[in-house]
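For reference, the structure discussed in these notes is given below.
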Amino acid sequence: MKHGQAATKLQGSLAGFAEENGLFRPGHRVLAAVSGGPDSVAMLDLLCRLRKGLGIEIGAAHLNHCLRGAESDGDQRFVRSLARRMGVKCHTGRAAVAKLAKRGKLSIETAAREARRDFLERTARSFKYDRIATGHTMDDQAETVLMRLIRGCGPDGLAGIPVKNGRYVRPLLGTGRREVMAYLAARRLAYRTDSTNRQATAFRNKVRLELMPLLRRLNPRITGSLARTAEAFAGDREIVAQAVSEVAGRCVLPGKSEFAIELQPFKGYNKGLRRNIIRWCCAGLLGAGFAPDFASVDGVLALAETGRVGKRRRLPNGLWAWLGYQRLHVGKAPDDGIETGEKAVPLRVPGAARFGNWSIKSSLASGSKAEMAGAPSETVFFDHGRLDGRRLSVGGVRPGLRIRLFGSSVTRKVQDILVDAKVPRAERGSRPVVFAGDTPIWLAGIRRSDLAPVTTRTKKVLRLELTADGG
Numbered sequence: 007m008k009h010g011q012a013a014t015k016l017q018g019s020l021a022g023f024a025e026e027n028g029l030f031r032p033g034h035r036v037l038a039a040v041s042g043g044p045d046s047v048a049m050l051d052l053l054c055r056l057r058k059g060l061g062i063e064i065g066a067a068h069l070n071h072c073l074r075g076a077e078s079d080g081d082q083r084f085v086r087s088l089a090r091r092m093g094v095k096c097h098t099g100r101a102a103v104a105k106l107a108k109r110g111k112l113s114i115e116t117a118a119r120e121a122r123r124d125f126l127e128r129t130a131r132s133f134k135y136d137r138i139a140t141g142h143t144m145d146d147q148a149e150t151v152l153m154r155l156i157r158g159c160g161p162d163g164l165a166g167i168p169v170k171n172g173r174y175v176r177p178l179l180g181t182g183r184r185e186v187m188a189y190l191a192a193r194r195l196a197y198r199t200d201s202t203n204r205q206a207t208a209f210r211n212k213v214r215l216e217l218m219p220l221l222r223r224l225n226p227r228i229t230g231s232l233a234r235t236a237e238a239f240a241g242d243r244e245i246v247a248q249a250v251s252e253v254a255g256r257c258v259l260p261g262k263s264e265f266a267i268e269l270q271p272f273k274g275y276n277k278g279l280r281r282n283i284i285r286w287c288c289a290g291l292l293g294a295g296f297a298p299d300f301a302s303v304d305g306v307l308a309l310a311e312t313g314r315v316g317k318r319r320r321l322p323n324g325l326w327a328w329l330g331y332q333r334l335h336v337g338k339a340p341d342d343g344i345e346t347g348e349k350a351v352p353l354r355v356p357g358a359a360r361f362g363n364w365s366i367k368s369s370l371a372s373g374s375k376a377e378m379a380g381a382p383s384e385t386v387f388f389d390h391g392r393l394d395g396r397r398l399s400v401g402g403v404r405p406g407l408r409i410r411l412f413g414s415s416v417t418r419k420v421q422d423i424l425v426d427a428k429v430p431r432a433e434r435g436s437r438p439v440v441f442a443g444d445t446p447i448w449l450a451g452i453r454r455s456d457l458a459p460v461t462t463r464t465k466k467v468l469r470l471e472l473t474a475d476g477g
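Under the numbering used here, think of the first position of the sequence shown as 7, with each following residue one higher.
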């Protein structure tokens, strides 16, 4: 096939693939992730040639991982120049991936992937892009299926890379690498070559450089075979996902950065369903394209069965699983329960203060025996006059914070009190504390201090009430 025909054919194939899979809608702003390599360069050029017909607007994004010195800087300059020639806006960023990997105890590949994902999503939000397009090809799909099969995974893992996942789309997933290279030659497009891709050190490179050539000797069409396998499992995944979602709705409490699983119903399900619930939680946090390996999922199940409260297990891609009281948590970072990132907020009398998902209301009360005796456990009373005019505030648990408990002659660490009260690890850092000046007077909803108790001599009574979610 002549070069011109190859380019025209791929252009038509991509347009059909995009329409078949509903990747774009007229008016969409599409952010193309461009590393400078052959796949992403071809994708950017194809999208630019198709943008008028598809009715979309294109932008390019490139993250410099700062791993290869001058070579990385050269990639960044190349992408900027390429975007300028194609008439699209180019967004660039830098990330010290080696430092991120060391700090987070991650592999370079995982740290780079997380940094790249964070950069793309921040850019898409800031500049209002509807889609993020990545240059994954059919060969990437085949390699992914093999990698997951070697490491061990369930059907969800064998579904491989999804064509569409939230705002992420992969328009080249139905295209082989040979077709991409033929397109680049036809269009006379230059591209960058990552020198580390030729080193069989990273797992994917070993699969690409050593295993795939061997499999091609057994089946010259192995790439297509593995891609079709992924497509078949992806179809089944939709059916399974619907069933798992219905079950998960009865035992999982989803959150922004973590999912909490109620252990009592969870343990009653068969092992296969429990595995899928764990995968469902991971996908809910990182997107449908993320499938934890078999060993990681079974490690979480073992944690739920035999682990003690507070014990945790690291999962791939920056996720953790940890055991709370009657709950198993899966999230992006377990909270050690010793510090909150939120600043203290003032509490006027009368008035209210919001802290995280909690609200504390203050008022002056009669202090009658009937009122105090009938108050719920989320309410406490203080002698307002004995607080000596100290300003009230609501803050979080700080490292080493201690409180002198009512009815006790000793002070205790707040963290120890939270443990005794069986507050889940993930919730300790967000538990509100009421301060009078710098002195903690109430670990809200749990224990109060011995400061300013109400007596028969009290003239003015301060009433504090705790409610969850601002209720």
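Glycine is no exception: its CB is placed at the ideal position from the N, C-alpha and C atoms.
Opening and closing residue of the beta strand (DSSP E) in which P352 lies = For this step, residue 352 is matched to residue 346 along the sequence shown. Segment 351 to 353, the beta strand (DSSP E) holding P352.
ask   = Thinking C-alpha only, which one of I267, L292, N282 is nearest G330?
value = Working through the sequence shown from its first residue, we reach residue 330 at position 324. That would be I267, whose Cα lies nearest to the Cα of G330.
task = Assuming R285 contacts D162 (C-beta within less than 8 angstroms), just tell me the rounded distance between them.
result = Taking the sequence shown and counting its residues from 1, one reaches residue 285 at position 279. Taking the sequence shown and counting its residues from 1, one reaches residue 162 at position 156. Confirmed, Cβ separation roughly 5 angstroms.
message = On the DSSP letters alone, give me the boundaries of the alpha helix (DSSP H) that C54 sits inside.
response = As a working mapping, residue 54 is identified with position 48 in the sequence shown. Run containing C54: 44 to 60, per the alpha helix (DSSP H) assignment.
ask   = When DSSP labels each residue in this structure, what does A24 get in the three-state scheme?
value = Here the question's residue 24 lines up with position 18 in the sequence shown. It is helical.
query = Just curious, the alpha helix (DSSP H) that F296 is in, first and last residue?
reply = The sequence position of residue 296 within the sequence shown is 290, counting from 1. Counting along the chain, F296 falls outside any alpha helix (DSSP H), and DSSP gives it neither H nor E.
message = When you compare the stretch 412 to 422 with the stretch 360 to 378, are there three or more beta-carbon pairs, one atom per stretch, that lie closer than 8 angstroms?
response = no
query = Assuming L155 and L217 make a contact with CB atoms under 8 angstroms, what is their CB distance in whole Å?
reply = Here residue 155 refers to the residue found at position 149 of the sequence shown. Here residue 217 refers to the residue found at position 211 of the sequence shown. In fact, because the Cβ distance is near 11 angstroms, the residues do not count as touching under 8 angstroms.
request  = Alpha carbon to alpha carbon, how far is G337 from G362? Give it in angstroms, no decimals.
outcome  = Reading the sequence shown from its first residue, position 356 is the one you call residue 362. Reading the sequence shown from its first residue, position 331 is the one you call residue 337. In a straight line, the C-alpha of G362 is about 18 angstroms away from that of G337.
message = What does the Cβ neighbour count give for I245, buried or exposed, with the cut at 16 atoms within 10 Å?
response = If you number the sequence shown from 1, residue 245 lands on position 239. Exposed is the call here.
request  = In angstroms with no decimal places, state the Cα-to-Cα distance between Q11 and Q248.
outcome  = In the sequence shown, the residue the question calls residue 11 occupies position 5. In the sequence shown, the residue the question calls residue 248 occupies position 242. Cα to Cα, Q11 sits roughly 43 angstroms from Q248.
Sub-8 angstroms separation of S383 and F412 beta-carbons = Within the sequence shown, residue 383 is the residue found at index 377, counting from 1. Within the sequence shown, residue 412 is the residue found at index 406, counting from 1. Cβ atoms of S383 and F412: not closer than 8 angstroms.
task = Determine the DSSP secondary structure at V175, reduced to helix, strand or coil.
result = Against the sequence shown, residue 175 aligns to sequence position 169. V175 falls in the strand class under three-state DSSP.
Start-to-end residues for the beta strand (DSSP E) that takes in L190 = Residue numbering aside, residue 190 sits at position 184 when the sequence shown is read from its first letter. That residue, L190, is in no beta strand (DSSP E); its alpha helix (DSSP H) goes 183 to 193.
ask   = What residue from C287, V253, L106 has the CA that sits closest to N276's CA?
value = Numbered from its first residue, the sequence shown carries residue 276 at position 270. Of C287, V253, L106, the residue nearest in Cα terms is V253.
query = Between the stretch 177 to 187 and the stretch 65 to 77, do at least 3 Cβ pairs fall closer than 8 angstroms?
reply = no
query = Under a Cβ-count criterion, where at least 16 other Cβ atoms within 10 Å of its own Cβ denotes burial, should L424 be classed as buried or exposed?
reply = Working through the sequence shown from its first residue, we reach residue 424 at position 418. Buried, since its Cβ has 16 or more Cβ neighbours within 10 Å.
request  = Give every residue of the same chain whose Cβ lies closer than 6 angstroms to the Cβ of R222, excluding the five residues on either side of it in the sequence, and list them in chain order.
outcome  = Taking the sequence shown and counting its residues from 1, the one referred to as residue 222 is at position 216. Result list for R222: I228, in chain order.
query = Closest to A196 by CA distance: which of K108, L232, G43, A76 is it?
reply = Position 190 of the sequence shown, counted from the start, is the residue given in the question as residue 196. For A196, the nearest C-alpha among the options comes from G43.
request  = Could you check what DSSP says for V467 in three-state terms: helix, strand or coil?
outcome  = As a first step, residue 467 must be located in the sequence shown, where it is residue number 461. It is a strand residue.
ask   = In the DSSP assignment, what residue or residues form a beta bridge with T473?
value = Locating residue 473 in the sequence shown gives position 467, counting from the first residue. Per DSSP, S365.
message = Using DSSP's beta-bridge definition, name the partner residues of N70.
response = Translated into the one-based positions of the sequence shown, residue 70 becomes position 64. According to DSSP, which records beta bridges pairwise, N70 is partnered with R100.
message = So, with DSSP's three-state summary, where would you put P446?
response = Position 440 of the sequence shown, counting from 1, holds the residue named residue 446. Three-state result, P446: strand.
ask   = Does DSSP put R333 in a helix, a strand or coil?
value = Taking the sequence shown and counting its residues from 1, one reaches residue 333 at position 327. Looking at R333 - three-state DSSP - the assignment turns out to be strand.
task = Consult DSSP for P382 and reduce its assignment to one of helix, strand or coil.
result = As a position in the sequence shown, residue 382 is number 376, starting the count at 1. In this structure, P382 counts as coil in the three-state DSSP scheme.
Inter-residue spacing [alpha-carbon to alpha-carbon] between V169 and N27 = For the purposes of this step, residue 169 is identified with residue 163 of the sequence shown, where counting begins at 1. For the purposes of this step, residue 27 is identified with residue 21 of the sequence shown, where counting begins at 1. Cα to Cα, V169 sits roughly 7 angstroms from N27.
key: Simplified DSSP assignment, three categories, for G451   = Taking the first residue of the sequence shown as position 1, residue 451 is located at position 445. Coil, per DSSP.
task = With K3 as the anchor, note down where its alpha helix (DSSP H) starts and where it stops.
result = This structure does not reach residue 3, given that the chain is present from 7 up to 477, and the question cannot be answered.
query = Out of curiosity, what's the CA-to-CA distance linking H390 and S369?
reply = Reading the sequence shown from its first residue, position 384 is the one you call residue 390. Reading the sequence shown from its first residue, position 363 is the one you call residue 369. Taking the straight line from one Cα to the other gives about 10 angstroms.
Residue environment, G451, which counts as buried when at least 16 other CB atoms sit within 10 Å = What you label residue 451 is simply residue 445 of the sequence shown in a count that begins at 1. Buried, by the Cβ-count rule.
request  = Could you tell me which of V258, E185, Q270 sits nearest to G230, measuring between CA atoms?
outcome  = Numbered from 1 along the sequence shown, position 224 holds the residue referred to as residue 230. Closest option to G230, Cα to Cα, is E185.
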